[in-house]
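What follows is a short report on a single structure.
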Amino acid sequence: MSKTTNKFSSEVREHAVRMVLDSEKDHPSRWAAVTSIAGKIGCSVYTLLISVKKSEVDKHASWGADRAG
């Protein structure tokens, strides 16, 4: 079983996610935006895509928690 390491700090990951979300309007698809940003920062396309999706899940979970109170 291989061990994965976090090559990028959470701050860098969050910045990359923001870059993807901000640049989606300039690309024909999310995949194109993720591919573009991943190439610029030197990470795997799939790693960045997972980070973007996780960010959205976390955002929706916190929104639901805020609304439940």
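Residue numbers (my numbering): 16 to 84. We put the beta carbon where it would ideally sit given N, CA and C, even for glycine. Being a predicted model, the structure only gives us computed values, none of them experimental.
Excluding sequence positions up to five away, which residues of its chain have a Cβ less than 6 Å from the Cβ of residue 38? 48
Collapsed DSSP secondary structure at residue 54 in the structure displayed: Looking at residue 54 - three-state DSSP - the assignment turns out to be helix.
Look at the alpha carbon of residue 75 and the alpha carbon of residue 21, and state the distance between them as a whole number of angstroms. The C-alpha of residue 75 lies about 24 Å from the C-alpha of residue 21.
Indicate the three-state DSSP secondary structure (helix, strand or coil) for residue 75 in the structure shown. helix
Considering residue 29, what are the terminal residues of the alpha helix (DSSP H) in which it resides? 25-38
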